[in-house]
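K.L.:
Questions regarding the structure given below will be posed in turn.
There are 2 protein chains.
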Amino acid sequence: MSDFSKSTNITWHQSGIAPEERATLLGHRPALLWFTGLSGSGKSTLANGVARALHDRGVHTYVLDGDNVRHGLNKDLTFSAEDRVENIRRIGEVARLFADAGLVTMTAFISPYRDDRAQARAIVGEAFIEVYVDCDVAVCESRDPKGLYKKARAGEIGNFTGISAPYEAPENPELRIDTSTMPLEECVAQVVAYLVARGIIEERD
Amino acid sequence: MSDFSKSTNITWHQSGIAPEERATLLGHRPALLWFTGLSGSGKSTLANGVARALHDRGVHTYVLDGDNVRHGLNKDLTFSAEDRVENIRRIGEVARLFADAGLVTMTAFISPYRDDRAQARAIVGEAFIEVYVDCDVAVCESRDPKGLYKKARAGEIGNFTGISAPYEAPENPELRIDTSTMPLEECVAQVVAYLVARGIIEERD
Numbered sequence: 005m006s007d008f009s010k011s012t013n014i015t016w017h018q019s020g021i022a023p024e025e026r027a028t029l030l031g032h033r034p035a036l037l038w039f040t041g042l043s044g045s046g047k048s049t050l051a052n053g054v055a056r057a058l059h060d061r062g063v064h065t066y067v068l069d070g071d072n073v074r075h076g077l078n079k080d081l082t083f084s085a086e087d088r089v090e091n092i093r094r095i096g097e098v099a100r101l102f103a104d105a106g107l108v109t110m111t112a113f114i115s116p117y118r119d120d121r122a123q124a125r126a127i128v129g130e131a132f133i134e135v136y137v138d139c140d141v142a143v144c145e146s147r148d149p150k151g152l153y154k155k156a157r158a159g160e161i162g163n164f165t166g167i168s169a170p171y172e173a174p175e176n177p178e179l180r181i182d183t184s185t186m187p188l189e190e191c192v193a194q195v196v197a198y199l200v201a202r203g204i205i206e207e208r209d
Numbered sequence: 005m006s007d008f009s010k011s012t013n014i015t016w017h018q019s020g021i022a023p024e025e026r027a028t029l030l031g032h033r034p035a036l037l038w039f040t041g042l043s044g045s046g047k048s049t050l051a052n053g054v055a056r057a058l059h060d061r062g063v064h065t066y067v068l069d070g071d072n073v074r075h076g077l078n079k080d081l082t083f084s085a086e087d088r089v090e091n092i093r094r095i096g097e098v099a100r101l102f103a104d105a106g107l108v109t110m111t112a113f114i115s116p117y118r119d120d121r122a123q124a125r126a127i128v129g130e131a132f133i134e135v136y137v138d139c140d141v142a143v144c145e146s147r148d149p150k151g152l153y154k155k156a157r158a159g160e161i162g163n164f165t166g167i168s169a170p171y172e173a174p175e176n177p178e179l180r181i182d183t184s185t186m187p188l189e190e191c192v193a194q195v196v197a198y199l200v201a202r203g204i205i206e207e208r209d
């Protein structure tokens, strides 16, 4: 029998659970779907819709969004330029851990800057799939589910993406989903079909 | 068919995947095993051993430790008192996300201060299980897998837990595992038995 005095951390880490072992147990490969788009474009809606569709197919998922990250891990961060970068960096690092754990994970943050998203892609690695949730700002503003556009127009919120701060649209996203013209079910189906095509999840019987 | 213009983020979050649904799909309940103990006490060894034993039983696990957190999410942190608290806070927040995702997650960090561990417990909530990896400092020093005690004795590392900085042993941990007298297999078996007793994982046939 081995005991602690003969083992080292290094030896043990080498005998950790391999990605292929995780994939076999989970029944699918890992992926990190990075949803980016304007406020009101439908990032969270789409991410949660995909999570539901995948869960119902037996795929293990998790959604990282403002609800569970902004008020927890990143609650010490302000909306300064420096903290904005740190916000996306930490989300990227957590996304990497979730991908490492084998889950199909979704992040739903505006993430308006290309450099920040490029950093997240570099951190996460090959599991990273950028999903551009494309929706005209006028449509987003007409939805305004949180009343934020109204506040931005009234000058109550500064540096508001799409109104008083830029949104740098992805140039080569793995997926572009147009939420202004398609119903939600169709948007979800497009994401799921992509995961099947990539061999991340199995085709349904 | 619903479409985006009729849905709000708030509505959708309410229809997220419930903890019971995750548990049904995964085949077990979530847990966060917070391993605490001196350097060389066997935290990572034990956490990885438990992860392996659980994986082989079909339980979905993940280990958060220095290898995947210190050089990633927390790479901006120093070893100052303030950053030490922030280090444990972030690990607690990430552990909460993993528990929320339904996994049996293990953290393996010295986490020498009671207040820091209490904060982690408060963040994680009911999934939190404190595992005191109890091992005499003399035994830890004799193992010294990373050569850190040698450096601490030589004065090359300051504020070294157990040598030049305190370790505040847990007063009421859910589990205390004595790694100085028991072989690894027995230590692992004790943790697994605890999870069975708590109804987190199923008893093996």
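Chains A and B supply the protein sequences, listed in that same order.
Residues in the first sequence are numbered consecutively from 5, following this note's numbering.
Residues in the second sequence are numbered consecutively from 5, following this note's numbering.
Using N, Cα and C, we set each Cβ at its ideal position, and we do this for glycine too.
This one's a predicted model, so the numbers in the text were calculated from it and none came from an experiment.
Starting from the C-beta of residue 164(B), find all residues in its chain whose C-beta is less than 6 angstroms away, skip the five residues before and the five after it, and write them out in chain order.
P.N.:
If you number the second sequence from 1, residue 164(B) lands on position 160. Excluding positions up to five away in sequence, the list reads 156.
K.L.:
Contact criterion: CB-CB distance below 7 angstroms. Does residue 20(B) meet it with respect to chain A?
P.N.:
As a working note, residue 20(B) is residue 16 in the second sequence. True, the Cβ-Cβ gap to chain A drops below 7 angstroms.
K.L.:
Quick one: Cα of residue 50(B) to Cα of residue 183(B), how far?
P.N.:
Working through the second sequence from its first residue, we reach residue 50(B) at position 46. Working through the second sequence from its first residue, we reach residue 183(B) at position 179. If I take the Cα positions, the gap works out to 9 angstroms.
K.L.:
Distance check for residue 78(B) and residue 83(A), CA to CA, integer angstroms please.
P.N.:
Here residue 83(A) refers to the residue found at position 79 of the first sequence. Here residue 78(B) refers to the residue found at position 74 of the second sequence. Cα to Cα, the separation comes out at about 20 angstroms.
K.L.:
Say whether chain A places a C-beta atom closer than 7 angstroms to the C-beta of residue 97(B).
P.N.:
The sequence position of residue 97(B) within the second sequence is 93, counting from 1. Answer yes: the Cβ-Cβ gap between residue 97(B) and chain A drops below 7 angstroms somewhere.
K.L.:
Just the chain A side, please: which residues come within less than 7 angstroms of residue 59(B) by C-beta, in chain order?
P.N.:
Residue mapping note: residue 59(B) aligns to position 55 of the second sequence, counting from 1. 21, 25, 29, listed in chain order.
K.L.:
So the candidates are 175(A), 148(A), 60(A); which of them puts its Cα closest to the Cα of residue 3(A)?
P.N.:
This structure gives no information on residue 3(A), because the portion of chain A shown stretches from 5 to 209.
K.L.:
Checking 7 angstroms against the spacing of the C-beta atoms, do residue 136(A) and residue 180(A) come in under that value?
P.N.:
Your numbering for residue 136(A) matches position 132 in the first sequence. Your numbering for residue 180(A) matches position 176 in the first sequence. Contact: yes.
K.L.:
State the Cα-Cα distance for the pair residue 101(A) and residue 204(A), rounded to the nearest angstrom.
P.N.:
Position 97 of the first sequence holds residue 101(A). Position 200 of the first sequence holds residue 204(A). One C-alpha to the other measures close to 17 angstroms.
K.L.:
Is there contact here, the region 166–177 of chain B with the region 112–131 of chain B, by at least three beta-carbon pairs under 8 angstroms?
P.N.:
Cβ pair count under 8 angstroms is three or more, so yes.
K.L.:
Are at least three pairs of beta-carbons, each pair with one atom in the region 188–195 of chain B and one in the region 143–161 of chain B, less than 8 angstroms apart?
P.N.:
Because the criterion of three Cβ pairs below 8 angstroms is not met, the region 188–195 of chain B and the region 143–161 of chain B do not touch.
K.L.:
Under a three-way DSSP split, which group does residue 102(B) fall into?
P.N.:
As a position in the second sequence, residue 102(B) is number 98, starting the count at 1. Looking at residue 102(B) - three-state DSSP - the assignment turns out to be helix.
K.L.:
Let's see if you can read the secondary structure: which residues bound the beta strand (DSSP E) around residue 189(A)?
P.N.:
Taking the first sequence and counting its residues from 1, the one referred to as residue 189(A) is at position 185. It is not in any beta strand (DSSP E) - residue 189(A) instead sits in the alpha helix (DSSP H) that spans 188–201.
K.L.:
Under 8 angstroms: do the region 38–46 of chain B and the region 127–142 of chain B share three or more Cβ pairs, one atom per stretch?
P.N.:
The region 38–46 of chain B, when compared against the region 127–142 of chain B, does touch it at the 8 angstroms Cβ threshold.
K.L.:
Kindly confirm or deny that the region 22–38 of chain B and the region 95–111 of chain B touch, where touching means at least three C-beta pairs closer than 8 angstroms.
P.N.:
Enough Cβ pairs lie closer than 8 angstroms, so yes.
K.L.:
Looking at the unbroken alpha helix (DSSP H) that takes in residue 125(B), where does it start and where does it end?
P.N.:
As a position in the second sequence, residue 125(B) is number 121, starting the count at 1. Counting along the chain, the alpha helix (DSSP H) containing residue 125(B) begins and ends at 118–128.
K.L.:
Using beta carbons (cut-off 7 angstroms, strictly below), is residue 152(B) in contact with chain A?
P.N.:
Taking the second sequence and counting its residues from 1, one reaches residue 152(B) at position 148. No, no contact with chain A.
K.L.:
Mind checking if residue 105(B) is an interface residue toward chain A, Cβ cutoff 7 angstroms exclusive?
P.N.:
Your numbering for residue 105(B) matches position 101 in the second sequence. Interface residue, yes.
K.L.:
Pick from 65(A), 200(A), 74(A): whose alpha carbon is nearest that of residue 95(A)?
P.N.:
Stepping through the first sequence from its first residue, residue 95(A) is reached at position 91. For the residues 65(A), 200(A), 74(A), the minimum Cα distance to residue 95(A) belongs to 74(A).
K.L.:
Quick one: what does DSSP say residue 112(A) is sitting in, helix, strand or coil?
P.N.:
Counted from its first residue, the first sequence places residue 112(A) at position 108. Here residue 112(A) sits in strand by DSSP.
K.L.:
Which class does residue 183(A) belong to by DSSP, given the choice of helix, strand or coil?
P.N.:
As a position in the first sequence, residue 183(A) is number 179, starting the count at 1. It is coil, neither helix nor strand.
K.L.:
Excluding the 5 residues flanking residue 105(A) on each side, which residues of the same chain have their C-beta closer than 8 angstroms to its C-beta?
P.N.:
The residue labelled residue 105(A) in the question sits at position 101 within the first sequence. Hits under 8 angstroms: 26, 34.
K.L.:
Going by DSSP, what residue range makes up the beta strand (DSSP E) through residue 152(B)?
P.N.:
Residue mapping note: residue 152(B) aligns to position 148 of the second sequence, counting from 1. Counting along the chain, residue 152(B) falls outside any beta strand (DSSP E), though it belongs to the alpha helix (DSSP H) covering 152–157.
K.L.:
If we define contact as Cβ-Cβ less than 7 angstroms, is residue 171(B) a contact residue for chain A?
P.N.:
Counting from one through the second sequence, the residue named residue 171(B) turns up at place 167. It does not; no Cβ of chain A falls within 7 angstroms.
K.L.:
For residue 66(B), which residues in chain A fall below 8 angstroms Cβ to Cβ?
P.N.:
Counted from its first residue, the second sequence places residue 66(B) at position 62. Within chain A, the residues near residue 66(B) are 101, 104, 105.
K.L.:
Is the Cβ of residue 77(B) closer than 7 angstroms to any Cβ of chain A?
P.N.:
Translated into the one-based positions of the second sequence, residue 77(B) becomes position 73. With 7 angstroms as the cut-off, residue 77(B) counts as an interface residue toward chain A.
K.L.:
Would you mind listing the beta strand (DSSP E) stretches within the region 52–101 of chain B that are 3+ residues and don't spill past its ends, in chain order?
P.N.:
Taking only runs of at least 3 residues, the beta strand (DSSP E) segments lying wholly in the region 52–101 of chain B are 65–69.
K.L.:
Figure out for me which residue from 68(A), 178(A), 166(A) has the closest Cα to the Cα of residue 130(A).
P.N.:
As a position in the first sequence, residue 130(A) is number 126, starting the count at 1. Comparing Cα positions, the closest option is 178(A).
K.L.:
Whole angstroms are fine: how far does the CA of residue 208(A) sit from the CA of residue 198(A)?
P.N.:
The count along the first sequence starts at 1 and reaches residue 198(A) at position 194. The count along the first sequence starts at 1 and reaches residue 208(A) at position 204. Roughly 13 angstroms between the two C-alpha positions.
K.L.:
Tell me whether the beta-carbon of residue 52(A) lies closer than 7 angstroms to the beta-carbon of residue 67(A).
P.N.:
In the first sequence, residue 52(A) corresponds to position 48, counting from 1. In the first sequence, residue 67(A) corresponds to position 63, counting from 1. Going by C-beta atoms, residue 52(A) is nearer than 7 angstroms to residue 67(A).
K.L.:
Based on DSSP bridge pairs, tell me the residues matched to residue 136(A).
P.N.:
Translated into the one-based positions of the first sequence, residue 136(A) becomes position 132. Note: residue 136(A) sits in a beta bridge opposite 40(A), 180(A).
K.L.:
Using a beta-carbon distance below 7 angstroms, is residue 91(A) in contact with chain B?
P.N.:
Taking the first residue of the first sequence as 1, we reach residue 91(A) at position 87. Chain B, which has no Cβ nearer than 7 angstroms to the Cβ of residue 91(A), makes this no.
K.L.:
Please name the residue in 62(A), 88(A), 161(A) whose C-alpha comes closest to that of residue 31(B).
P.N.:
Sequence index remark: in the second sequence, residue 31(B) carries index 27 (1-based). The shortest C-alpha separation from residue 31(B) is found at 62(A).
K.L.:
So the candidates are 21(A), 58(A), 81(A), 24(A); which of them puts its Cα closest to the Cα of residue 194(A)?
P.N.:
Indexing the first sequence from 1 puts residue 194(A) at position 190. When only C-alpha atoms are compared, the closest one is 58(A).
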